[in-house]
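Be aware that the sequence shown starts at 21, since it is given in the numbering used here, and climbs by one per residue.
By construction, the Cβ of each residue, glycine as well, lies at the ideal position given by its N, Cα and C atoms.
Keep in mind it's a predicted model, so treat the numbers as computed, not measured.
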Amino acid sequence: MTTAAVTEPLDLIRLSLDELHAYDSHCNIVLGNVQETVTVVDTNASPEGNVVRTVTKHSEMMFVRGDSVTIICMGNKRD
Numbered sequence: 021m022t023t024a025a026v027t028e029p030l031d032l033i034r035l036s037l038d039e040l041h042a043y044d045s046h047c048n049i050v051l052g053n054v055q056e057t058v059t060v061v062d063t064n065a066s067p068e069g070n071v072v073r074t075v076t077k078h079s080e081m082m083f084v085r086g087d088s089v090t091i092i093c094m095g096n097k098r099d
């Protein structure tokens with residue numbers, strides 16, 4: 021990585037993530053090849069109590085609004 025390629029703070033993220041297609045200063049980001057994981061709590065699913073389940077879906081492209089971004093980190097690289 022050369023210092024000439026890093027002109028803004030988020031340029032380090034762009035250089036680290038292969039699937040980052042676009043971003044702005046508000047951390048609005050467009051990602052490709054995304055795996056989204058959501059934890060769902062069904063409060064009425066069972067008389068014994070809440071049922072917690074994890075739902076995962078894959079998207080070719082996803083827009084993430086900057087105010088919902090809490091952390092950006094590199095996960096495990098997939099082959």
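- With a 10 Å radius around its C-beta and 16 neighbouring C-beta atoms as the bar for buried, classify I49 as buried or exposed. Taking all protein chains shown into account, I49 has 16 or more neighbouring C-beta atoms within 10 Å of its C-beta and is therefore buried.
- Which class does R85 belong to by DSSP, given the choice of helix, strand or coil? Of the three classes helix, strand and coil, the one that applies to R85 here is coil, per DSSP.
- Item | Alpha-carbon spacing of E39 relative to D62, whole angstroms | Their backbone Cα atoms lie some 33 Å apart in a straight line.
- Task: Thinking S79 and V54 are a contact (beta carbons under 8 Å), I'd like their distance in whole angstroms, please.
- Result: Contact between S79 and V54 holds: CB atoms are separated by about 5 Å, below the 8 Å threshold.
- Message: On a Cα-Cα basis, can you pick out the residue from E56, L51, I33 that is closest to T76?
- Response: Here the closest residue by C-alpha is E56.
- Query: Run through DSSP, which three-state label would D38 get?
  - Reply: Under the three-state reduction of DSSP, D38 is assigned to coil, being neither helix nor strand.
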